[in-house]
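Asks:
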Amino acid sequence: MFLRPITTAYRQAGRYREVVNVLFRHGFGYLVDQVGLDHLISWRRRLFRRSPDGVVHLTAAERVLLVLEELGPTAIKLGQFLSARRDLIPPALARELEKLQDAVPPVDFEQVRPVVETELGAPLADLFAQFDPEPIAAASLAQVHPAVLPDGRPVVVKVQRPGIEARIEADLAILHDLAVLLERRTELGKIYALSEVAEEFAHTIRAELDFRLEGHHADRIRANFADDPRVHIPEVVWSHTTRRVLTLERVQGVKITDIGGLRAAGHDPPKVARRFAEVMLTQVLRHGFFHADPHPGNIFISPEGRVTFMDFGVVGYLDPRLREQLVEIALAVARQDPDELVRRLVELSFFRGRVDLNRLRYELSRLIRRYYGVPIREVRFGHAVEESLNLAYRYRLRLPPDLSLLAKTLMTTEGILITLDPSISVADVAEPFARQMLEERLAPDRILRQLSATLTDIALNTAALPGRLNRVLGQLSTGDLSVRVERAEAELTTGSLEPVANRLALALVTAAATLGAVALLQNGPGPRLFEVSVLGLLAAVFAGFLMLMLILAVLRTGKL
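Counting from 1, position 445 in the sequence shown corresponds to residue 451 in my numbering; the numbering is continuous, with no gaps.
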């Protein structure tokens with residue numbers, strides 16, 4: 007990876023200098039020294055080499071918060087992004103970053119109008135019957151104005167702040183350079199692959215800047231809940247939506263945490279809590295696509311009692327494989343099997359450097375014991391998730407981004423639920439979802455499909471074995487094959503090759519039988535069981551028997 011600080015520094019010298027001096031002013035001069043940018047510190051500060059007196063009384067996490075707030079929109083978004091990555095940052099820092107507010111003074115309407123007219127290609131008066139110049143919300147990337155379409159439909163119009171994209175791109179270039187420097191010059195930078203984290207953040211914020219993606223997210227969630235009367239997702243007005251302008255149906259409702267407002271509108275807060283929990287878990291466990299920013303300002307309860315979502319800029323994905331891995335982890339916890347849990351977590355994670363698996367196993371075993379036997383209604387899901395993420399941080403297990411996003415989403419969800427009903431438990435609501443997932447996982451037709459896929463994979467790989475063997479023999483005949491022998495006893499003789507040849511022949515027969523079984527499972531004649539041929543099942547049993555013989559032959563000698 008090539009570093010870009012020289013060219014970027016000339017283009018963004020002022021911003022580089024600002025970033026470095028803010029870091030120094032808040033007590034992070036040592037970090038500036040480590041990345042070799044101390045020459046950008048103003049000469050007065052460099053002369054005295056000290057930070058303001060107030061800084062010494064603050065924790066490092068509190069000082070990070072001040073740095074991000076002072077550096078503006080990109081830094082605030084970075085802090086919010088990192089607050090969801092508790093597998094990467096210490097718990098104290100995560101708690102501080104959750105305090106970051108994305109509220110900023112609104113842009114003057116005369117700056118907003120040109121953006122709307124340029125993006126939508128017409129004068130504002132032709133586009134809307136009414137357009138309120140006063141925004142109802144303003145954040146670092148955009149602000150929202152109420153409006154009325156020419157056909158009389160009330161809408162809200164989200165307009166990107168002028169010039170914000172260029173500023174963010176400049177900040178992302180600087181962030182990338184700092185991440186690469188830290189990765190090259192510090193051990194923690196290497197362990198946490200900071201350049202990859204910077205790229206992940208860049209991808210996230212660029213997606214948020216394209217309002218068309220947000221519109222598609224809303225459409226997808228609305229389609230997922232098309233037949234569900236509990237949920238309302240505002241309609242996207244695509245004729246008035248572009249990359250920098252998003253127009254949505256205007257909705258009415260009470261903020262979900264406004265207990266007094268809910269009661270005044272005739273809603274029972276505990277029932278609202280249960281409904282909201284079920285809706286969030288449906289997104290996560292059944293749809294695999296979920297609203298990942300469910301803070302109270304984005305969730306309303308309509309006059310009919312429907313859960314209404316707003317702001318679809320941040321969403322999470324759980325593909326079938328990841329959901330399957332989560333089920334395996336849940337089963338390992340239920341069986342109190344720390345060894346299996348460690349294996350599943352390591353399989354799920356990205357990590358660099360050495361991980362003390364024995365110590366991790368001990369910590370996980372202790373965590374399982376803490377919750378085992380506790381009635382499910384008494385389990386605070388947020389606490390359990392937070393403890394698990396703290397373990398991931400301590401043992402440098404970097405989780406998939408969507409899994410970290412899910413953890414924060416569920417913790418935010420539980421916070422809202424407790425506000426509505428202190429006695430509710432996410433784990434209690436999740437129990438029927440988990441039961442259904444397990445039943446689906448153990449369904450005979452699903453097991454047979456998995457068996458068919460596995461046999462196909464084995465057959466294809468085994469069938470490819472002769473070609474691979476020919477390539478090896480060809481390299482051997484031309485003298486191009488190099489073999490590293492770890493043990494002196496491993497000399498090949500004619501006698502030792504004979505059992506290898508026998509096992510190879512058995513492997514080829516097994517491959518042929520497996521291919522035949524797969525074909526018969528799908529298209530075999532005669533009676534069928536669970537939509538597969540009985541003859542194919544018998545062939546699969548025979549192929550399994552041959553495979554077992556091959557495995558036993560290997561185990562008996564300990565050699566291939």
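By construction, the Cβ of each residue, glycine as well, lies at the ideal position given by its N, Cα and C atoms. As the structure is a prediction and not an experimental result, all values here were calculated from the model.
(1) Can you give the beta carbon distance from residue 439 to residue 287, rounded, assuming they're within the 8 Å contact cut?
(2) With a threshold of 8 Å on Cβ separation, who are the neighbours of residue 144 within its own chain once the five nearest residues in sequence on each side are excluded?
(3) Determine the direct distance from the alpha carbon of residue 376 to that of residue 400, and round the result to whole angstroms.
(4) Quick one: is residue 273 buried, meaning 16 or more other Cβ sit within 10 Å of its Cβ, or exposed?
(5) Would you identify the three-state DSSP class for residue 110, choosing helix, strand or coil?
(6) On the three-pair Cβ rule with 8 Å, is the stretch 251 to 266 touching the stretch 179 to 191?
(7) Taking the C-alpha atoms as reference points, what is the distance between residue 22 and residue 402?
(8) Going by CA-CA distance only, name the one from 72, 305 and 360 that's closest to residue 278.
(9) Tell me the DSSP secondary structure of residue 166 in three-state form.
(10) With a Cβ-Cβ cutoff of 8 Å, do residue 135 and residue 152 count as a contact?
(11) Helix or strand or just coil, what does DSSP make of residue 254?
(12) Ordered along the chain, which non-local residues of its own chain (more than five positions away) have a Cβ less than 8 Å from that of residue 248?
(13) For the putative contact between residue 227 and residue 282, defined by C-beta atoms under 8 Å, what is the C-beta separation to the nearest angstrom?
(14) Within the same chain, show all residues whose beta-carbon is closer than 8 Å to that of residue 435, passing over the 5 residues directly before and after it, in chain order.
(15) Below 8 Å between beta carbons: does that hold for residue 339 and residue 366?
(16) So what does DSSP say about residue 145, is it helix, strand or coil?
(17) Who are the near neighbours of residue 410 in its chain, counting only those whose CB is closer than 6 Å to its CB and skipping five residues on each side?
(18) Please name the residue or residues paired with residue 136 in a DSSP beta bridge.
(19) Considering only C-alpha positions, which residue in the set 71, 175, 117 and 256 is nearest to residue 158?
(20) Among the candidates 387, 318, 160 and 211, whose CA atom is the shortest distance from the CA of residue 225?
(21) Measure the CB-CB distance between residue 204 and residue 185 and report whether it falls below 8 Å.
(22) I'd like to confirm the pairing. Which residues does DSSP put opposite residue 404 in its beta bridges?
(23) Which one of 231, 207 and 253 has the shortest CA to CA distance from residue 161?
(24) Residue 170: which of 250, 355 and 222 sits nearest, CA to CA?
(25) Within 10 angstroms of its Cβ, does residue 194 collect 16 or more other Cβ (buried), or is it exposed?
(26) Between which two residues does the alpha helix (DSSP H) carrying residue 361 extend?
(27) Going by C-alpha to C-alpha distance, which of 394, 368, 386 and 18 sits closest to residue 177?
(28) Quick check on DSSP: helix, strand or coil for residue 418?
(29) Name the one or two DSSP bridge partners that residue 314 has.
(30) Hey, residue 413 and residue 432: beta-carbon distance below 8 Å or not?
(31) Give every residue of the same chain whose Cβ lies closer than 6 Å to the Cβ of residue 223, excluding the five residues on either side of it in the sequence, and list them in chain order.
(32) Smallest Cα separation from residue 303: which of 74, 35, 39 and 107?
(33) Identify whether residue 34 lies in helix, strand or coil by the three-state DSSP scheme.
(34) Sorted by chain position, which residues of the same chain lie with C-beta nearer than 7 Å to residue 87's C-beta, five sequence neighbours on each side aside?
(35) So which of 421, 67, 102 and 473 has the shortest CA-CA distance to residue 301?
(36) Among residues of its own chain, excluding the 5 on either side of residue 369, which ones have a beta-carbon nearer than 6 Å to its beta-carbon?
Replies: For this structure:
(1) Indeed, because the Cβ distance is near 5 Å, the residues count as touching under 8 Å.
(2) Once the five neighbours on either side are set aside, the close Cβ partners of residue 144 are 109, 110, 111, 112, 113 and 150.
(3) Cα to Cα, the separation comes out at about 19 Å.
(4) A buried status is given to residue 273, since no fewer than 16 other beta-carbon atoms sit within 10 Å of its beta-carbon.
(5) The answer is coil: DSSP assigns residue 110 none of H, G, I, E or B.
(6) In this structure the stretch 251 to 266 does not lie against the stretch 179 to 191, because fewer than three pairs of beta carbons, one per stretch, are closer than 8 Å.
(7) If I take the Cα positions, the gap works out to 30 Å.
(8) It is 305 whose Cα lies nearest to the Cα of residue 278.
(9) For residue 166, the three-state secondary structure derived from DSSP is strand.
(10) In this structure, residue 152 does not lie closer than 8 Å to residue 135 by Cβ.
(11) Note: residue 254 maps to strand in three-state DSSP.
(12) Hits under 8 Å: 125, 126, 217 and 218.
(13) Residue 227 to residue 282, Cβ: 14 Å. No contact.
(14) So the qualifying residues of the chain are 280, 283, 284 and 287.
(15) Taking 8 Å as the cut-off, the beta carbon of residue 339 is found no closer than this to the beta carbon of residue 366.
(16) Reduced to three states, the DSSP call for residue 145 is strand.
(17) 90, 91 and 93, listed in sequence order.
(18) Paired residues: 154.
(19) Of the candidates 71, 175, 117 and 256, the residue whose Cα lies closest to the Cα of residue 158 is 256.
(20) Nearest in C-alpha terms to residue 225, of all of 387, 318, 160 and 211, is 318.
(21) Yes, Cβ-Cβ distance for residue 204 and residue 185 is below 8 Å.
(22) In the DSSP assignment, residue 404 forms a beta bridge with 356.
(23) For residue 161, the nearest C-alpha among the options comes from 253.
(24) Selected option, being the one with the closest Cα: 250.
(25) By the neighbour-count definition (other C-beta atoms within 10 Å, threshold 16), residue 194 is an exposed residue.
(26) No alpha helix (DSSP H) holds residue 361; DSSP gives it neither H nor E.
(27) Scanning 394, 368, 386 and 18 for the CA closest to the CA of residue 177 turns up 18.
(28) In the structure shown, the three-state DSSP call for residue 418 is helix.
(29) In the DSSP output, where bridge partners are listed per residue, residue 314 has 238 and 306.
(30) Cβ distance not < 8 Å, so residue 413 and residue 432 don't count as in contact.
(31) For residue 223, where only same-chain residues beyond five positions count, the Cβ hits under 6 Å are 318 and 321.
(32) It is 107.
(33) Shown here, residue 34 sits in coil according to DSSP, grouped into three states, outside any helix or strand.
(34) 207 and 210, listed in sequence order.
(35) Considering only alpha carbons, the answer is 421.
(36) Excluding positions up to five away in sequence, the list reads 397.
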